[in-house]
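Novice:
There are 2 protein chains.
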Amino acid sequence: MISVANPNIEDIPQISKEMKLIERELMRAIEESEEPVRGILKDFFAGGKRLRPKLVLLTGLCFSPVNMEMIYSAVAAELIHTASLIHDDVIDRSDYRRNRPTINYIYGNHTAVIAGDFVFAKAFELLCRYNLNRCMGHLIDAIQEMCHGEIMQAVENTNKKVDEDYYFKIIEKKTASLISACCKAGAECGKAKEEDIKKIGLYGLYLGYVFQIVDDLLDVIGDATEIGKPIGQDIEEGKITLPYIYFLQDSTFGAKYRKVLANKSLIAAVKSELLRDIKKSDAISKTYAKAEEFAKKAREILKEFPDSIYRNILVELSFKVLKRKR
Amino acid sequence: MISVANPNIEDIPQISKEMKLIERELMRAIEESEEPVRGILKDFFAGGKRLRPKLVLLTGLCFSPVNMEMIYSAVAAELIHTASLIHDDVIDRSDYRRNRPTINYIYGNHTAVIAGDFVFAKAFELLCRYNLNRCMGHLIDAIQEMCHGEIMQAVENTNKKVDEDYYFKIIEKKTASLISACCKAGAECGKAKEEDIKKIGLYGLYLGYVFQIVDDLLDVIGDATEIGKPIGQDIEEGKITLPYIYFLQDSTFGAKYRKVLANKSLIAAVKSELLRDIKKSDAISKTYAKAEEFAKKAREILKEFPDSIYRNILVELSFKVLKRKR
Numbered sequence: 002m003i004s005v006a007n008p009n010i011e012d013i014p015q016i017s018k019e020m021k022l023i024e025r026e027l028m029r030a031i032e033e034s035e036e037p038v039r040g041i042l043k044d045f046f047a048g049g050k051r052l053r054p055k056l057v058l059l060t061g062l063c064f065s066p067v068n069m070e071m072i073y074s075a076v077a078a079e080l081i082h083t084a085s086l087i088h089d090d091v092i093d094r095s096d097y098r099r100n101r102p103t104i105n106y107i108y109g110n111h112t113a114v115i116a117g118d119f120v121f122a123k124a125f126e127l128l129c130r131y132n133l134n135r136c137m138g139h140l141i142d143a144i145q146e147m148c149h150g151e152i153m154q155a156v157e158n159t160n161k162k163v164d165e166d167y168y169f170k171i172i173e174k175k176t177a178s179l180i181s182a183c184c185k186a187g188a189e190c191g192k193a194k195e196e197d198i199k200k201i202g203l204y205g206l207y208l209g210y211v212f213q214i215v216d217d218l219l220d221v222i223g224d225a226t227e228i229g230k231p232i233g234q235d236i237e238e239g240k241i242t243l244p245y246i247y248f249l250q251d252s253t254f255g256a257k258y259r260k261v262l263a264n265k266s267l268i269a270a271v272k273s274e275l276l277r278d279i280k281k282s283d284a285i286s287k288t289y290a291k292a293e294e295f296a297k298k299a300r301e302i303l304k305e306f307p308d309s310i311y312r313n314i315l316v317e318l319s320f321k322v323l324k325r326k327r
Numbered sequence: 002m003i004s005v006a007n008p009n010i011e012d013i014p015q016i017s018k019e020m021k022l023i024e025r026e027l028m029r030a031i032e033e034s035e036e037p038v039r040g041i042l043k044d045f046f047a048g049g050k051r052l053r054p055k056l057v058l059l060t061g062l063c064f065s066p067v068n069m070e071m072i073y074s075a076v077a078a079e080l081i082h083t084a085s086l087i088h089d090d091v092i093d094r095s096d097y098r099r100n101r102p103t104i105n106y107i108y109g110n111h112t113a114v115i116a117g118d119f120v121f122a123k124a125f126e127l128l129c130r131y132n133l134n135r136c137m138g139h140l141i142d143a144i145q146e147m148c149h150g151e152i153m154q155a156v157e158n159t160n161k162k163v164d165e166d167y168y169f170k171i172i173e174k175k176t177a178s179l180i181s182a183c184c185k186a187g188a189e190c191g192k193a194k195e196e197d198i199k200k201i202g203l204y205g206l207y208l209g210y211v212f213q214i215v216d217d218l219l220d221v222i223g224d225a226t227e228i229g230k231p232i233g234q235d236i237e238e239g240k241i242t243l244p245y246i247y248f249l250q251d252s253t254f255g256a257k258y259r260k261v262l263a264n265k266s267l268i269a270a271v272k273s274e275l276l277r278d279i280k281k282s283d284a285i286s287k288t289y290a291k292a293e294e295f296a297k298k299a300r301e302i303l304k305e306f307p308d309s310i311y312r313n314i315l316v317e318l319s320f321k322v323l324k325r326k327r
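Sequence order for the protein chains is U and P. Each residue of the first sequence is one higher than the one before, starting from 2 at the first, in our numbering. Each residue of the second sequence is one higher than the one before, starting from 2 at the first, in our numbering.
1) Please report the straight-line C-alpha distance between residue 123 (chain P) and residue 145 (chain U), rounded to a whole angstrom.
2) Check residue 97 (chain P) in the structure and name its three-state DSSP category.
3) In the segment 102-119 of chain U, which residues sit with their C-beta less than 8 Å from some C-beta in chain P, listed in chain order?
4) Kindly list, in the order they appear in chain P, the residues whose Cβ is closer than 7 Å to that of residue 77 (chain U).
5) Take the Cβ of residue 325 (chain U) as the centre, count every other Cβ of all protein chains shown within 10 Å, and call the residue buried at 16 or more, exposed below.
6) If we define contact as Cβ-Cβ less than 7 Å, is residue 184 (chain U) a contact residue for chain P?
7) For the segment 44-101 of chain U, list the alpha helix (DSSP H) runs that are entirely contained and at least 4 residues long, ordered along the chain.
8) Have a look at residue 189 (chain P) and residue 254 (chain P) and give me their C-alpha separation to the nearest angstrom.
9) Taking residue 177 (chain P) as the reference, which of P:53, P:24, P:247, P:131 has the closest Cα?
10) Are the beta-carbon atoms of residue 139 (chain U) and residue 185 (chain U) separated by less than 7 Å?
11) Kindly list the residues whose CB is nearer than 6 Å to the CB of residue 308 (chain U), restricted to its own chain and excluding five residues on each side of it in sequence; keep chain order.
12) In the structure shown, what three-state DSSP assignment does residue 327 (chain U) receive?
13) What does a CB cutoff of less than 6 Å around residue 202 (chain U) pick up in its chain, not counting 5 residues either side in sequence?
14) Can you list, in chain order, the stretches of the alpha helix (DSSP H) that have 4 or more residues and sit fully within the segment 179-251 of chain P?
15) Drop a sphere of 10 angstroms on the beta-carbon of residue 292 (chain P), count the other beta-carbons inside from all chains shown, and report buried for 16 or more, exposed for fewer.
16) So, does the CB of residue 125 (chain U) fall closer than 7 Å to a CB anywhere in chain P?
17) What number of angstroms, rounded off, separates the C-alpha of residue 72 (chain U) from the C-alpha of residue 19 (chain U)?
18) Is DSSP giving residue 34 (chain U) helix, strand or coil here?
19) Are residue 115 (chain U) and residue 45 (chain U) touching if we call contact CB-CB under 7 Å?
20) Using the Cα positions of residue 12 (chain P) and residue 303 (chain P), report the straight-line distance between them to the nearest angstrom.
21) Can you tell me the Cα-Cα spacing of residue 93 (chain U) and residue 296 (chain P), whole angstroms?
22) Report yes or no: is there a C-beta of chain U within less than 7 Å of the C-beta of residue 143 (chain P)?
23) Please tell me whether residue 189 (chain P) has its Cβ less than 7 Å away from any Cβ of chain U.
24) Strictly below 8 Å CB to CB, what residues from chain U border residue 92 (chain P)?
25) Just to confirm my understanding: we take residue 314 (chain P), look at its own chain, exclude 5 residues before and 5 after, and list those with CB closer than 8 Å. What are they?
26) Give every residue of the same chain whose Cβ lies closer than 6 Å to the Cβ of residue 243 (chain P), excluding the five residues on either side of it in the sequence, and list them in chain order.
27) Is it a yes or a no for the segment 94-103 of chain U touching the segment 226-235 of chain U, going by three-plus beta-carbon pairs under 8 Å?
28) For residue 304 (chain U), which of helix, strand or coil comes out of DSSP?
29) Of all the CB atoms in chain P, is at least one closer than 7 Å to the CB of residue 268 (chain U)?
30) Quick check: the Cα distance between residue 311 (chain P) and residue 153 (chain P), rounded to an integer number of angstroms?
31) Residues of chain P with CB under 8 Å from residue 37 (chain U), in chain order?
32) Enumerate in chain order the residues of its own chain whose CB-to-CB distance from residue 4 (chain P) is below 6 Å, with the five nearest sequence positions on each side excluded.
33) At 9 Å on the CB atoms, spell out the chain U contacts of residue 239 (chain P), in chain order.
34) Against chain P, with Cβ distances strictly below 7 Å, would residue 129 (chain U) count as a contact?
35) Does residue 177 (chain U) get closer than 7 Å to chain P when you measure Cβ to Cβ?
36) In this structure, does DSSP put residue 163 (chain U) in helix, strand or coil?
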């Protein structure tokens, strides 16, 4: 395992000035809303890692000095991400996120559906107001991909289909597409060439894979307090993520759990045993190795860009995303 | 009551060519989506009155010959309206709309929330692709108003507050704001002057009031087959609309129902008696008179624009919206 001095995505001192500006504009976007919407949303924005705005900013800075297009696109990216989380929590009936009760838990599904719509609209308001149409295009593509991923999972809700290929298809749509779009949007704001925008988008795509694989890993081996929600939620909801796909291939445990994992209603009863056994199997190290492989791929792409402090932070970020604890 | 030759909003022969084009582009927007999204959405778009695209088109034509900006803005307006209906059906737990089962009824809330998000994104994709930023601005404002209206109703979900002022505040946000935005968007596409855009927006606002008042009236006295959903849904959900506000002021029935309507859980038991009594009261005629008053106000504004066949259709539309049966 590669060592990284500071695995906190939160902490990137080289861009702290710009991130403060982004944070201020993000809060302004929420605070300019009328009550009761403002009160409902304000808490929900606290405590995020702000990975997506950081990517917009850093990819932009690889191509140009900072400009307000980067700031507003970064804010819009975080708004879109947050809107999708609000709707995800409704869909997954989640009670907790970032160590806080979710909007659906406090106010009900009704309010959460609309609050998500409102936050999406806020993002487009910013992108529209500052004529950031090229960024908007990338972000809209990503939203559509995210929706496709969600609906595929819902409609084809059968665990029979879940293999590595299907898993990567889904995480590309549900997570990596937005992370990739953030990188493309940043590069657009930096007036990068078409070719470079595509390349940096691919960096984002691989980084997105790493992010989601680690997310799925943390749901198995993470610390509930640190990640802000209970462990084992995925499998409880019948989501067969990469660690479980590898677990089913394990020679010691695979056969034992094949039937259980194919039937959602059987899972709850064996959850704690399952979580213990998966840690004894090779599934965890195989999953981690896969994430590592994509982090390396992401870094390979960055080699094609000129050396700069911001490129180096993007390199470092691939390690941070891999080694994160929350 | 004013008589109108043809009360069908559907039937406006003077713009049938343009409406066919809008319909084709609307279907294209859905059909270019991947499965399973396409299949889920296709049916849901059938059978709408297309009031909002008609308004974009007609207000545009008041200021300029037809152009593709009008067509795409009209399509985007219908997409936004449809997305909001999909989410409304989730929120209201509605099983039927336009004589068909809703998306949440067939596929569940999960899929319906995401399908709505997808349709919103489709609208923005069109507006973004054709750089219709001024139209987008009006439509985004309307979406935010709609969300505010929904959340106000949800959070302040107490019937104590419901009086005429509150009712109009809510229907302005929930219905009239989008209808008004459609008129402003159309005028933008027609390159109208700022002043005229504001005026036509006011026409839309009043027309929106008429539309919603009549909607609320049809929920009391309409024909279930014609409107495509059961009668009395509003009151069953505890929504005190204008007919009920006037009913409570009625000298014969008001006192009898005051306590019942203040308590949602008491309503279901007396629903059929309530629907019979409200028809005997003066609530229906008072509500209709109110709608008539706003239809007249809408027409007053149109007098400030030069005579044209399209202005005259907008005049006629104020009667059609008032006298519609579905």
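Glycine residues also receive a C-beta, built at the ideal position from the N, C-alpha and C atoms.
Specialist: On the basis of the supplied data:
1) 8 Å
2) strand
3) 108, 109, 110, 111, 112, 114, 115, 116, 117, 118, 119
4) Those within 7 Å of residue 77 (chain U) in chain P number zero; the least Cβ separation is about 12 Å.
5) buried
6) no
7) 52-62, 69-92
8) Rounded to whole angstroms, residue 189 (chain P) to residue 254 (chain P) spans 48 Å at the Cα level.
9) Of the candidates P:53, P:24, P:247, P:131, the one whose C-alpha sits nearest the C-alpha of residue 177 (chain P) is P:53.
10) It is a contact, given that the beta carbons lie within the stated cut-off.
11) none
12) coil
13) 181, 184, 185
14) 195-222, 225-228, 234-237, 243-250
15) Within a 10 Å sphere around the beta-carbon of residue 292 (chain P) sit 16 or more other beta-carbons, which makes this residue buried.
16) yes
17) 8 Å
18) coil
19) no
20) 21 Å
21) 45 Å
22) no
23) no
24) Within chain U, the residues near residue 92 (chain P) are 110, 111, 114, 115.
25) 13, 15, 16, 59
26) 168, 214, 217, 288
27) yes
28) Residue state, collapsed to three classes: coil.
29) no
30) 36 Å
31) Result: 152, 153, 156, 157.
32) Low confidence applies to residue 4 (chain P): its pLDDT is 47, below 50, so where it sits in the model is not reliable enough to give any reading.
33) Residues of chain U with a Cβ closer than 9 Å to the Cβ of residue 239 (chain P) do not exist, since the nearest Cβ in that chain sits about 13 Å away.
34) yes
35) Output row for residue 177 (chain U): interface = no.
36) Under the three-state reduction of DSSP output, residue 163 (chain U) falls in the coil class, being neither helix nor strand.
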